[in-house]
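Note sheet for the following structure.
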Amino acid sequence: MEFLFLLFRYFPYGGLQRNCAMIGRECARRGHTVQVHTSRWDGERPDGLQITVHPLTALSNVGGETQLLECVNRRLAEHRVDCVVGFNRMPGADFFYSGDPCFVVRHEDRGFLYRLQRKYRARLAWERAMLDPAANTEVFIVAARQKDEYQRIYGTPDERFHLLPPNVARETFQRDKYPTARVDVRAEFAMPDEALVALLVGSRFKTKGLDRALLALAALPPDLAPRTHLLVVGEDSPRDFEKLIDRLGVRERVRLAGGRTDVARLCAAADILIHPARVENTGTVILESVVMGLPVLVTDVCGYAPHVLTADAGRVLTSPFDQNALNRTFAEMLQSPADRARWSRNGCEYARRPDLYGREGRAADILETRALRNRAGRCA
């Protein structure tokens, strides 16, 4: 069978991008043809995927998204495929992979003038076209609350939603595979052997709460501050945060590592994951840290925060966000090696659960079913 995936832009450290490539590879492994249409592809091209990059002339993101939709729709008019998957909003697609919260819910606090902008109106129209009760688009969701949000806004029927399991890479995220990581990572980043390392991972620093983490680092008591370091991993511009780092006087205790492919190794080396996100549909790194035995400090807005509570693998901060609560909890976790050891053991035990793995296989099963149904409908 032949599948077409639409993805506005691919870069190797984005969660949506990794899921697109992962599901595409699984479909290709099963013998299907997988086209991926995008405006830009940064990084290696996975084997088995037919990647088409459409050069765009638009000056804005929403203009580029519009152009890409037009390009793909022209291609589909010339060449029919068995199933179309939009990893971004694509009216008329068979599937929408919803990697973010509902667009309307995300922008509920925006003012009237913002909602008049072209980018808001276009993206809202695309989402409404896909989620409308009369539409034929099925929806992959990665957090249960997404369904509640979409149904509150659009009234989409239950049967069009498919909740996918997490996508922890079972073969990579095993703590015992990295026995020397603690020593090696500290040496690599010129941190003392006895340093306490807090890890923050994410490609959108503001959304992931890097500023909040820096404030918590700066607020540590004198007995903790000198030996606690923050290792920041992610593909984003650090310019605005560089100023905050200098203003807080924590330059010597912060390492900006850029995008990395060895997150599992860094989890094995760190003492705590700090993830005070403002918005987070899931937060795969949260669950990756749990199964690696890395204690987690996270805000409750993250879709995967309940895993931390269920596993008893760290602390979850309740909304509304309170910086003082983050500062206090961060210090408490660092001051308690016994608690960190318990959370680590609990996380490693939680990793035995089979329902934490297999997103790509489940998605491929569902795509095959729809593709067969589409074929049968054309032949009827």
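Residue numbers (my numbering): 6 to 385. Cβ atoms here follow ideal geometry from the backbone N, Cα and C, with glycine treated the same way.
Taking C-alpha atoms, which residue in the options lies nearest to residue i?
{"i": "valine 67", "options": "Ala26, Val86, Leu81, Arg128", "result": "Arg128"}
{"i": "phenylalanine 246", "options": "Pro226, Gly214, Met297", "result": "Gly214"}
{"i": "leucine 73", "options": "Ser65, Ile56, His42, Asp99", "result": "His42"}
{"i": "valine 268", "options": "Phe178, Pro51, Gln340, Asp305", "result": "Phe178"}
Express the C-alpha separation of residue j and residue i in angstroms, rounding to a whole number.
{"i": "alanine 346", "j": "histidine 37", "result": "45 Å"}
{"i": "alanine 381", "j": "alanine 330", "result": "57 Å"}
{"i": "glycine 308", "j": "valine 110", "result": "15 Å"}
{"i": "valine 237", "j": "glycine 207", "result": "8 Å"}
{"i": "alanine 282", "j": "glutamate 83", "result": "43 Å"}
{"i": "proline 243", "j": "leucine 249", "result": "10 Å"}
{"i": "arginine 180", "j": "alanine 273", "result": "6 Å"}
{"i": "leucine 278", "j": "glycine 288", "result": "12 Å"}
{"i": "aspartate 327", "j": "glutamate 113", "result": "21 Å"}
{"i": "arginine 378", "j": "cysteine 88", "result": "10 Å"}
{"i": "glutamate 240", "j": "arginine 320", "result": "26 Å"}
{"i": "tyrosine 155", "j": "glutamate 70", "result": "22 Å"}
{"i": "phenylalanine 194", "j": "serine 44", "result": "35 Å"}
{"i": "cysteine 107", "j": "tyrosine 18", "result": "22 Å"}
{"i": "valine 86", "j": "glutamate 7", "result": "5 Å"}
{"i": "alanine 186", "j": "glutamate 75", "result": "48 Å"}
{"i": "glycine 352", "j": "alanine 316", "result": "6 Å"}
{"i": "glycine 97", "j": "valine 77", "result": "11 Å"}
{"i": "histidine 167", "j": "aspartate 105", "result": "15 Å"}
{"i": "asparagine 141", "j": "alanine 130", "result": "16 Å"}
{"i": "histidine 280", "j": "arginine 383", "result": "48 Å"}
{"i": "serine 324", "j": "arginine 79", "result": "46 Å"}
{"i": "lysine 182", "j": "alanine 223", "result": "33 Å"}
{"i": "alanine 356", "j": "alanine 139", "result": "40 Å"}
{"i": "arginine 115", "j": "asparagine 24", "result": "29 Å"}
{"i": "serine 103", "j": "glycine 263", "result": "26 Å"}
With H, G and I counted as helix, E and B as strand and the rest as coil, what does DSSP make of residue i?
{"i": "glycine 366", "result": "helix"}
{"i": "serine 324", "result": "coil"}
{"i": "glycine 69", "result": "helix"}
{"i": "phenylalanine 101", "result": "strand"}
{"i": "cysteine 25", "result": "helix"}
{"i": "cysteine 107", "result": "coil"}
{"i": "glycine 319", "result": "strand"}
{"i": "glutamate 240", "result": "coil"}
{"i": "glutamate 176", "result": "coil"}
{"i": "alanine 218", "result": "helix"}
{"i": "threonine 304", "result": "strand"}
{"i": "leucine 118", "result": "helix"}
{"i": "phenylalanine 210", "result": "helix"}
{"i": "phenylalanine 194", "result": "coil"}
{"i": "threonine 142", "result": "coil"}
{"i": "threonine 287", "result": "coil"}
{"i": "threonine 374", "result": "helix"}
{"i": "leucine 168", "result": "strand"}
{"i": "threonine 233", "result": "strand"}
Taking DSSP's pairing of strands, which residues face residue i in a bridge?
{"i": "tyrosine 15", "result": "Trp46"}
{"i": "isoleucine 277", "result": "Ala203"}
{"i": "histidine 37", "result": "In DSSP, histidine 37 forms no bridge with anything."}
{"i": "glutamine 55", "result": "Gln40"}
{"i": "phenylalanine 10", "result": "Val41, Val90"}
{"i": "glycine 263", "result": "Val238"}
* Report yes or no: do the segment 6 to 24 and the segment 93 to 107 share at least 3 C-beta pairs separated by less than 8 Å? => yes
* Counting Cβ pairs closer than 8 Å, one from the segment 194 to 214 and one from the segment 229 to 243, do we hit at least three? -> yes
* Cβ contact (3+ pairs, closer than 8 Å) linking the segment 339 to 359 and the segment 158 to 169 -> no
* Answer yes if the segment 116 to 135 comes into contact with the segment 252 to 260, meaning at least three C-beta pairs across the two stretches below 8 Å, and no otherwise. => no
* To do: Evaluate contact between the segment 14 to 33 and the segment 352 to 365, counting only Cβ atoms and requiring at least three cross-stretch pairs below 8 Å.
  => yes
* To do: Mind the definition here: the segment 167 to 176 touches the segment 141 to 155 only if three or more C-beta pairs lie below 8 Å; say whether that holds.
  => yes
* Evaluate the contact criterion for the segment 310 to 318 versus the segment 368 to 378: three or more CB pairs, one atom per stretch, below 8 Å. => no
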